[in-house]
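Have a look at the structure below, then the notes.
Protein chains: 4
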Amino acid sequence: MTHNVAILGASGYTGAELVRLIATHPSLAITGLSGNSKAGMAMADVFPHLRHLDLPRLTTIEDMDLSGVDLVFCALPHATSQAVIKALPSNLKIVDLSADFRLRDPAAYEKWYGKPHAAPELQKEAVYGLTEFYRDQIRTARLVAGTGCNAATGQYALRPLIATGVIDLDDININLLAAVSGAGRALKENLLHAELSEGAHAYAVGGTHRHLGEFDQEFSAIAGRDVRVQFTPHLIPANRGILATISVKGDAATIHQTLSDAYAKEPFIEVLPMGQHPSIKHIRASNFCHIGVVADRIAGRAQVIASLDNLTKGSSGQALQNANLMLGLPETEGLMMAPVFP
Amino acid sequence: MTHNVAILGASGYTGAELVRLIATHPSLAITGLSGNSKAGMAMADVFPHLRHLDLPRLTTIEDMDLSGVDLVFCALPHATSQAVIKALPSNLKIVDLSADFRLRDPAAYEKWYGKPHAAPELQKEAVYGLTEFYRDQIRTARLVAGTGCNAATGQYALRPLIATGVIDLDDININLLAAVSGAGRALKENLLHAELSEGAHAYAVGGTHRHLGEFDQEFSAIAGRDVRVQFTPHLIPANRGILATISVKGDAATIHQTLSDAYAKEPFIEVLPMGQHPSIKHIRASNFCHIGVVADRIAGRAQVIASLDNLTKGSSGQALQNANLMLGLPETEGLMMAPVFP
Amino acid sequence: MTHNVAILGASGYTGAELVRLIATHPSLAITGLSGNSKAGMAMADVFPHLRHLDLPRLTTIEDMDLSGVDLVFCALPHATSQAVIKALPSNLKIVDLSADFRLRDPAAYEKWYGKPHAAPELQKEAVYGLTEFYRDQIRTARLVAGTGCNAATGQYALRPLIATGVIDLDDININLLAAVSGAGRALKENLLHAELSEGAHAYAVGGTHRHLGEFDQEFSAIAGRDVRVQFTPHLIPANRGILATISVKGDAATIHQTLSDAYAKEPFIEVLPMGQHPSIKHIRASNFCHIGVVADRIAGRAQVIASLDNLTKGSSGQALQNANLMLGLPETEGLMMAPVFP
Amino acid sequence: MTHNVAILGASGYTGAELVRLIATHPSLAITGLSGNSKAGMAMADVFPHLRHLDLPRLTTIEDMDLSGVDLVFCALPHATSQAVIKALPSNLKIVDLSADFRLRDPAAYEKWYGKPHAAPELQKEAVYGLTEFYRDQIRTARLVAGTGCNAATGQYALRPLIATGVIDLDDININLLAAVSGAGRALKENLLHAELSEGAHAYAVGGTHRHLGEFDQEFSAIAGRDVRVQFTPHLIPANRGILATISVKGDAATIHQTLSDAYAKEPFIEVLPMGQHPSIKHIRASNFCHIGVVADRIAGRAQVIASLDNLTKGSSGQALQNANLMLGLPETEGLMMAPVFP
């Protein structure tokens with residue numbers, strides 16, 4: 006049986022990634038694509054790499070026919086998303102890829118995003134979309150909130166360690182390398198090839214990145230007390246991928262065992278043998294997350310390193326994984342493609 | 006029904022690409038992987054991006070158990086391939102990805118490769134693997150010779166034009182941009198990141214590239230007379246993809262129509278609307294080939310531009326497409342994944 | 006003796022490159038910098054790589070004090086330039102880096118740039134800034150028009166060949182690879198890192214690139230008859246550099262000799278030994294141009310390949326070379342830095 | 006007055022960078038170049054970007070005429086360097102760019118480099134080449150040991166902070182991004198463009214990088230007690246540049262003031278305004294080091310970020326700066342070129 010899905014905001018990178026993934030999904034059909042600034046255009050004119058597919062033309066959200074649609078992916082910019090989702094038919098299943106429903110607490114939302122939430126009742130209803138940890142709730146959810154891509158990477162490395170108490174909660178330092186597609190298709194000077202290629206720099210230094218809101222919310226909930234991590238992201242000259250290098254206080258072997266146990270049955274999370282660590286090159290364009298653990302020369306400390314593709318496991322792949330659950334399909338359907346190397 | 010396949014030379018890029026493609030192919034199972042210099046290693050240690058797959062360990066070719074194997078992909082270096090294939094059981098179907106069986110004429114082989122062929126009888130038997138033009142022969146072949154990746158790109162643009170006589174056969178100039186994976190995983194100074202990134206240069210200038218042997222053979226056969234094209238490849242700082250810009254003498258509209266007609270029913274060849282032209286970014290990691298035609302300001306001349314991924318449509322994807330035919334499977338099986346963008 | 010110079014349009018790449026070059030020039034001092042959209046900012050805030058220099062703050066053009074200024078570099082967008090230059094004091098020496106004064110014929114300007122020229126009398130006065138060929142006129146000029154960067158590359162390869170008649174004037178095909186800084190700091194989707202990195206495509210295909218106006222003007226003037234070349238530029242994923250591969254009809258040895266003779270005494274033009282050819286990696290960030298000649302396998306044809314850095318020899322370095330001449334300084338002053346490799 | 010210098014090991018990247026810098030140095034002349042594996046070749050054949058220079062041909066070290074040479078740059082691989090330098094005439098001034106004389110303690114050398122030192126008496130004599138902190142000793146030294154490029158970056162950020170005690174010595178975590186030229190021109194699989202471009206990964210994780218030997222030696226000497234930092238380098242897809250992000254415990258404003266004071270008169274060290282931080286793009290191909298300080302959201306913590314070009318300020322530029330001092334020349338001579346951007 007085929008389920009019909011629509012994608013709102015199909016002219017951005019996460020929208021295009023959804024189309025790429027659904028293109029070979031055996032149980033889903035795309036019946037609607039919106040892109041307000043490009044309404045009327047054929048998808049092949051916006052994304053020529055999708056030329057071979059028989060896709061609906063882009064429309065405005067208003068003009069989209071949602072009858073017969075089982076699930077909507079909402080890949081709109083944050084802030085836009087909350088208003089649009091509020092107005093959608095209440096029987097529609099929704100996977101939101103924006104930042105709008107990641108934080109459950111209206112005060113936290115306002116702190117990190119700078120204005121009050123426009124749909125606090127939906128905020129309450131939304132399930133946080135980190136599939137491996139919210140699987141049962143996602144299965145029955147109507148609205149699932151995709152996680153931040155950096156937030157997902159850090160959580161895959163740290164949640165089992167915080168839950169089991171094998172690391173010091175007051176001594177967690179996340180340094181992260183982020184490829185540029187995480188910033189979207191926005192026309193900004195620092196995203197130009199001439200500015201980024203052969204360059205690298207930190208950003209949101211000092212604890213100002215919005216994904217910290219997710220770390221705070223999730224880690225504190227797991228620990229049952231406030232947890233505040235350090236987090237310094239860096240922009241590197243690559244298109245896809247995130248690598249988080251996390252310095253923690255704890256026994257490396259115990260940490261490795263804890264992660265191995267936690268993810269033993271997970272289809273997409275690969276814990277590498279003790280001492281090995283991942284590369285963004287080895288998860289590219291796939292839904293896999295690789296995690297490694299290495300003991301530090303300073304006794305009682307370890308480096309935990311996690312890597313995933315921000316556009317796939319970090320957003321659109323995660324969204325599809327959640328959609329599979331919400332539609333009663335096998336969780337891995339359409340997502341088992343191997344990473345693209347080199 | 007599942008067919009068992011083995012890959013000889015699985016530690017190179019085309020070998021890894023075959024594994025990537027076959028990983029989600031519904032009708033093929035990999036039962037053997039060889040890699041002489043890395044025999045004994047797990048594939049995940051050679052290619053960590055394949056870590057999630059349950060693959061046989063690498064062996065030497067001698068140690069590989071070929072009983073139960075239906076088809077062998079031979080991704081060995083050229084010259085090695087002819088000796089190995091000669092020694093394989095004669096009932097095995099073989100798709101060779103090396104240069105060894107592309108040229109039918111022993112004299113042409115010796116001219117372009119610098120020494121006599123070691124298995125001229127197999128050379129005679131081998132079918133040239135440009136699927137869209139040798140489909141019927143491939144279906145019943147025992148040995149199929151994968152084409153050169155540059156040779157494939159140029160032929161997709163030119164074969165229908167030469168066959169129909171709509172261009173001047175003595176005025177064809179192919180300029181080509183090639184990404185670096187086409188050179189394989191060889192340890193050469195000019196393939197280092199520090200040497201290639203931010204660089205670009207021509208190579209094999211003046212008509213010395215071996216893929217010219219294929220152009221000469223195929224174009225002359227189609228035309229029924231000698232055809233000698235100009236061909237200047239350039240190495241660019243990218244990992245995957247080929248873009249051939251071909252200056253021809255002929256009417257642009259006629260050329261576009263001829264190509265559109267020729268490929269109307271082909272699942273992997275996309276002729277763009279008149280005046281549009283392709284980018285290597287739009288076919289990456291896929292089995293698609295995009296072709297565009299633009300009229301030149303000089304009356305009676307046109308630019309024909311074709312692009313494909315050297316590792317997929319240019320070698321391993323082509324090989325799988327041919328294997329599908331040889332095994333009686335649907336030609337497109339396992340090959341319809343959309344390009345990866347960005 | 007120090008000459009005072011000002012730079013109009015200092016917030017773009019060519020402006021920044023001028024500052025970089027002048028920073029170590031022994032005889033020039035920068036006394037004014039304009040950048041209308043960034044007026045009031047310190048140069049270090051617009052270009053942090055220039056932080057160590059003691060530079061004037063950016064102003065509007067109107068607010069710039071030109072008293073005491075000997076020469077102005079005008080690095081404004083084309084069309085803007087002609088109006089600004091028209092309004093400058095008539096005793097000021099001017100090196101213009103825009104496209105506004107490259108074409109001498111008002112009709113040609115209108116054809117290639119789509120509207121009538123606003124200062125046709127200046128258009129007549131301006132000297133074409135290809136230093137090696139207009140040296141004497143530049144020395145005494147008041148207004149020098151910087152050439153197109155692609156136009157410069159093609160001319161270095163072809164002018165001596167056209168002048169001496171050693172190639173067929175009706176069979177010249179220029180294929181060119183261009184790095185992205187040639188497109189400036191404009192916020193366009195196709196210039197984003199995510200869109201260009203790992204990508205490559207042709208542009209202005211079929212003879213629509215504006216630099217063809219310069220080829221037409223210059224080559225026809227040299228030949229004393231209309232010359233119309235083919236020209237297909239390609240955008241490659243690199244920041245600096247141009248490589249032009251030119252297919253010509255003529256004897257390779259004669260061509261090589263002609264070029265060697267023509268440039269024997271030129272400080273910045275290096276003709277490589279016969280059979281060798283250049284790379285953009287070998288001229289990066291320098292004022293050098295490398296040229297190579299290779300005979301083609303097709304008798305009587307040759308490939309001539311030229312490479313230079315679009316920001317240096319292709320624009321700001323050329324501008325400084327011309328300014329040196331106009332100010333009576335040694336032509337090579339401040340320009341002999343070696344290319345940056347790797 | 007011109008001083009004659011020779012470069013041993015001129016066929017590697019640091020050797021070529023030395024030639025690039027000396028090319029426009031007003032007081033130095035290169036009279037000898039060695040490169041054992043490429044002896045007999047012209048430098049232009051090894052490094053075509055140096056083609057315009059009139060350079061001596063490469064020789065073996067044995068065949069090099071050192072009479073008349075005032076100073077030798079030794080850019081040989083580590084371990085080789087100690088034997089070669091031991092055999093040089095004892096009146097020659099030497100700047101060594103290898104790792105051989107960075108560690109003063111023979112036991113520390115053996116620990117980090119795996120074998121006993123072959124010239125312990127020279128090890129004692131050598132002055133550590135971090136110019137800004139060893140200036141007086143360098144002026145009169147016969148043998149100066151160039152620092153590790155990563156080690157230099159970390160020390161510029163931390164030395165003044167350790168010396169003044171404004172940070173907790175037991176809580177220093179250095180995460181570092183390193184471009185690939187730091188690994189030299191070695192033919193290794195992980196340095197290939199196809200393996201590194203679009204990739205990023207940590208290396209020497211857990212405190213095994215040899216530059217830790219320098220951190221331990223220098224920081225402990227300054228503090229007067231053992232100091233052991235955490236250090237995790239990452240390889241990123243860029244050719245030049247290092248960015249070190251260092252998490253420290255201390256007051257951000259005090260840290261910033263301490264660094265500003267320490268470097269107020271230094272020509273090459275730029276401390277950015279409070280809250281700003283550097284990019285490798287802004288120091289490329291120059292001898293400058295940029296340092297920034299940002300307060301962390303976790304009270305009492307700060308991020309100190311430093312960036313320099315590994316080939317220039319991190320090795321060959323540093324070497325030239327030291328040579329200037331040793332030869333009684335102005336320290337900045339030949340080194341004030343602005344960074345290359347974009």
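Protein chains in written order, with my numbering: chain A, 6 to 347; chain B, 6 to 347; chain C, 6 to 347; chain D, 6 to 347. Beta carbons: idealized from backbone N, C-alpha and C, even for Gly.
The C-beta of Val345/A comes closer than 8 angstroms to at least one C-beta of chain B. Contact of Arg233/A with chain D by beta-carbon distance below 8 angstroms involves Arg302, Ile303. DSSP lists Leu240/D, Ile247/D as the bridge partner or partners of Ala183/D. At a beta-carbon threshold of 7 angstroms, the residues of chain C lying near Asn244/D are Pro347, ordered along the chain.
Under the 8 angstroms criterion on CB atoms, Ala199/C is classed as interfacial with respect to chain B. In this structure Asn96/B is exposed. Its beta-carbon is surrounded by fewer than 16 other beta-carbon atoms within 10 angstroms.
Scanning its chain for C-beta atoms nearer than 6 angstroms, with the 5 sequence neighbours on each side dropped, one finds around Asp176/D the residues Lys254, in chain order. Ala34/B sits exposed, since fewer than 16 C-beta atoms from the chains shown fall within 10 Å of its C-beta. In summary, the residues of the region 177-205 of chain A whose CB is separated from some CB of chain D by less than 7 angstroms are Asn178, Asn180, Leu182, Ala199, Glu200, Glu203, Gly204, Ala205, in the order they occur in the chain. If you check the CB distance, Ala156/B and His216/B come in under 8 angstroms. Nearest C-alpha to Leu340/A among Gly189/A, Ala28/A, Leu108/A: Ala28/A. Residue pairing by DSSP places His295/A opposite Glu275/A, Ser312/A in a beta bridge. With a beta-carbon spacing of about 4 angstroms, Gly211/D and Val299/A fall inside the 8 angstroms limit used to define contacts. Interface flag for Lys286/B against chain C is set, since a Cβ pair is found closer than 8 angstroms. As summarised for the region 100-178 of chain D, the continuous alpha helix (DSSP H) elements at least 4 residues long and confined to that stretch are 111-118, 125-130, 136-145, 154-169, given in chain order.
When the beta-carbon positions are compared, Leu196/D and Val185/D come within less than 8 angstroms of each other.
Against chain D, the CB of Ala290/A has no partner CB under 8 angstroms away; the residue lies outside that interface. Residue pairing of Lys98/A in beta bridges, as defined by DSSP: Leu76/A. Listed along chain A are Val210, Gly211, each with a C-beta nearer than 7 angstroms to that of Val299/D. The region 285-293 of chain B makes contact with the region 233-249 of chain B; the number of CB pairs closer than 8 angstroms reaches 3 or more. The criterion of a C-beta distance shorter than 8 angstroms is satisfied by Gly151/A and Ser320/A.
Per the C-alpha coordinates, the member of Gln308/C, Asn180/C, His261/C, Ser86/C positioned closest to Phe236/C is Asn180/C. Inclusion of Ser39/A and Met69/A in the CB contact set at 8 angstroms is warranted, their separation being smaller than that value. For the beta strand (DSSP E) assignment, the uninterrupted runs of no fewer than 3 residues enclosed by the region 36-86 of chain C are, from N- to C-terminal side, 76-79. Membership of Leu13/A in the beta strand (DSSP E) is indicated by the continuous run 8-13. Counting along the chain, the unbroken alpha helix (DSSP H) around Gln323/A starts and ends at 322-331.
Listed in chain order, the non-local C-beta contacts of Arg144/B below 6 angstroms within the same chain comprise Leu330, local neighbours out to five positions each way being set aside.
Apart from sequence neighbours up to five positions away, no residue of its chain approaches Arg302/D with a beta-carbon distance below 6 angstroms. Here the alpha carbon of Asn315/D sits roughly 5 angstroms from the alpha carbon of Cys154/D.
Comparing alpha carbon positions, the residue from Tyr114/A, Thr36/A, Tyr161/A, Val89/A closest to Ala311/A is Tyr161/A.
Going by C-alpha positions, Tyr114/A is about 28 angstroms away from Glu194/A. Listed by position along chain C, the residues whose Cβ is nearer than 7 angstroms to that of Ser320/B form an empty set, because the closest Cβ is around 18 angstroms away.
Per the coordinates, the alpha-carbon of Asp101/B lies some 28 angstroms from the alpha-carbon of Ser291/A. Annotated as distal: Glu219/B and His30/B, with beta-carbon spacing of 8 angstroms or more.
The three-state secondary structure of Ser16/C, taken from DSSP, is coil.
Rounded to the nearest angstrom, the gap between the Cα atoms of Gly297/C and Val309/C is 6 angstroms.
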